[in-house]
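Peer 1: Before I ask anything, let me first share the structure, which is written out below as structure tokens.
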Amino acid sequence: MKRLSRDAGQWWLTSDNSDQRKYHRKLCNKGDCLVIGKVVRKESDHI
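Per UniProt numbering, the sequence shown starts with residue 1, numbered consecutively.
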């Protein structure tokens, strides 16, 4: 799973993994990336 972020006018795929040497960010050029969904996280004290 990757995050899509915008930097310097370009879209990048980034990882939350702390090993950035292995999971470095990758440029997302037009047509190179396919977004298939989104992750939603909700936290609450009440269920």
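We put the beta carbon where it would ideally sit given N, CA and C, even for glycine.
Do S15 and R6 have their beta-carbon atoms positioned less than 9 Å apart in this structure?
Peer 2: Contact: no.
Peer 1: Can you name the start and end residues of the beta strand (DSSP E) that S5 belongs to?
Peer 2: Looking at the DSSP string, the run of the beta strand (DSSP E) that includes S5 is R3 to D7.
Peer 1: Considering only residues of the same chain and omitting the five flanking positions on each side of W12, which have a CB-CB separation below 8 Å?
Peer 2: If we look at W12 and ignore the five residues flanking it on each side, its Cβ neighbours are L4, S5, R6, R25, K26, L27 and C28.
Peer 1: What residue range does the beta strand (DSSP E) around L34 cover?
Peer 2: Taken as a continuous stretch (DSSP letters only), L34 belongs to no beta strand (DSSP E), as it is neither H nor E.
Peer 1: What three-state label does DSSP hand K26 in the structure shown?
Peer 2: Correct three-state label for K26: strand.
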